[in-house]
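The block underneath contains the structure these notes are about, expressed in structure tokens.
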Amino acid sequence: MATKKMILDLDTGVDDALALAYAIAAPEVDLIGIVSSYGNVLVDKSAENSLNLLELLGATDVPVFLGESHSSTTDHFDVMEISQKIHGVNGIGEVEIPTAKRPVESGSGVDFIVDAAHEYGDNLILVPTGPQTNLDAAIQKDPEVAKLIGNMTFMGGALTVPGNVTAFTEANINQDPAAADRVFRSPLKSTMVGLDVTLRTLLTKKETQQWRDLGTVAGEKFADITDYYIDAYYDLDIDKNGCAIHDPLAVGISIDESYAKLIDLNMKVTHDDAANPADVGRTIGDSARLNDPTTNMKVAVDVDKDRYLAHFMDLLTNLFAKH
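Its first residue numbered 24, the sequence shown is counted upward by one per residue in the working numbering.
Here is the structure:
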């Protein structure tokens, strides 16, 4: 039985699609909405992908809201070429799925986060899997949001491993490092699920074949979407052994943190060092707060990958079997 409410903040590419499916399938949470972001695709396409995937999985009661279309420090956003190679131009591996019958909600995603924080408070889990622009905007609009949300677990950052955009910087943080820095320094209780753990958690075509063997539309579509991702990882020499399931791991740890080994660390994001651009977007301990008696952030540095993957496959395979 669901004991928590969850909002996903997605830039809906392949692993975001898997995170969406995970949140629908997880019995511990009630997915109350999706806020769309930019990153793997533009914000409008992200919302469209989320709506279509929700309909495919029979979750037509979950609203989708538009979030911010670009970072807090720019006036537009262009999808990186590497993102299109990894996720496909349409974000979901160039796989076509039926168009949803319902539209995006008329209200703003930022307002939805603010309202939900006040309504659900400590029972609310927020999982951003793209830039933190929407969450930052919500906190800027109403600072109480940072004190109300019970659990913000995000996919992003890299503490103990190199970044995937620069030597230090991970892609989601790179999209809006200034916003991420403000969120990191806020009172918000946060957990960072970065490349430190997501790169350890790999999915292969052995697993996607299990979905294909179900003989359902959802099983086939998600197998096709994920196989594109696996092939991109291989062809781009990211990992020859499978694809990292970044975003679903953040959803999993947000529900059950025992999947990860966590350390307490007050953190910051570098974003104003023009002399050293490779360092911009680095997620690192905040030396000014190292001796503070309390910390607002936990950082995942290891993961029980076998136990997590078994649970992930059980949840998604049972969900896809029904659709």
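All C-beta atoms in this analysis are idealised placements derived from N, C-alpha and C, irrespective of residue type, glycine included. Nothing here was measured: the structure is a model prediction, and the numbers come from that model.
Specify the secondary structure class of residue i as computed by DSSP and reduced to three states.
i	result
proline 50	coil
serine 95	coil
alanine 25	coil
aspartate 325	strand
lysine 284	strand
serine 60	coil
leucine 33	strand
isoleucine 261	coil
isoleucine 55	strand
glutamine 163	helix
lysine 244	helix
glycine 275	helix
proline 332	This sequence places leucine at residue 332; proline is not what is there. In the structure shown, leucine 332 sits in a helix (DSSP, three-state: H, G or I).
aspartate 138	helix
aspartate 38	helix
leucine 339	helix
aspartate 254	helix
asparagine 299	coil
asparagine 157	helix
leucine 313	coil
Run through the DSSP bridge pairs and tell me what residue i is partnered with.
i	result
asparagine 174	Ile148
valine 19	The chain is shown from 24 up to 346; residue 19 falls before or after that span and cannot be answered.
glycine 304	Glycine 304 pairs with nothing; no bridge assigned.
lysine 291	Ile307
alanine 267	Leu225
methionine 320	Ser213
Which residue from the options puts its Cα closest to that of residue i?
i	options	result
aspartate 101	Thr317, Gln198, Met178	Gln198
asparagine 319	Leu211, Val184, Asn341, Ile30	Leu211
alanine 46	Asp34, Leu77, Lys345	Leu77
phenylalanine 135	Gly153, Gly116, Ala160	Ala160
aspartate 325	Ala273, Ala301, Asn341, Asp337	Ala273
lysine 20	Ile55, Pro50, Pro126	Missing from the structure shown is residue 20; the chain here goes from 24 to 346 and no further.
aspartate 302	Gly186, Glu117, Gly179	Gly186
alanine 323	Val52, Asn341, Arg223, Trp234	Arg223
threonine 340	Asn63, Trp234, Gly114	Trp234
threonine 192	Lys170, Ala169, Asp219	Asp219
valine 206	Pro300, His110, Asn289, Asp98	Asn289
histidine 333	Lys229, Asp39, Leu313	Correcting the residue type first, residue 333 is alanine in the shown sequence and not histidine. The residue with the shortest Cα to Cα distance from alanine 333 is Lys229.
aspartate 329	Gly111, Ser281, Arg312	Ser281
valine 112	Leu65, Met29, Asp165, Asn314	Leu65
glycine 144	Glu167, Glu128, Ala123	Glu167
lysine 321	Asp309, Ala241, Met215, Ser310	Met215
arginine 208	Val184, Lys170, Gly217	Lys170
valine 133	Lys124, Pro121, Ser59, Thr96	Ser59
isoleucine 120	Leu79, His110, Asp32, Thr83	Leu79
aspartate 327	Leu225, Ala49, Leu338	Leu225
Under 7 Å, do residue i and residue j count as touching if we go by C-beta distance?
i	j	result
phenylalanine 343	proline 271	no
threonine 221	alanine 267	yes
lysine 27	asparagine 146	yes
alanine 201	histidine 294	yes
valine 85	leucine 54	yes
phenylalanine 177	proline 154	no
serine 92	tyrosine 61	yes
isoleucine 261	valine 37	no
glycine 265	threonine 227	yes
isoleucine 162	glycine 180	no
isoleucine 278	leucine 149	no
glycine 130	asparagine 63	no
asparagine 157	glycine 90	yes
alanine 203	valine 292	yes
asparagine 75	alanine 123	yes
tyrosine 251	glycine 116	yes
histidine 269	glycine 81	no
leucine 41	serine 73	no
alanine 70	valine 52	no
With 7 Å as the threshold, decide whether the Cβ of residue i is near any Cβ in chain C.
i	result
leucine 338	The structure shown contains no chain C, having only a single protein chain.
- Message: Threshold first: 4 residues or longer. Then list the alpha helix (DSSP H) segments lying entirely within the segment 180-241, N to C.
- Response: List check, alpha helix (DSSP H) in window: 194-198, 200-208, 218-221, 228-235.
- Item | Length at least 4, wholly inside the segment 70-133: the alpha helix (DSSP H) runs in chain order | Those alpha helix (DSSP H) runs which fall completely within the segment 70-133 and span 4+ residues are 104-110.
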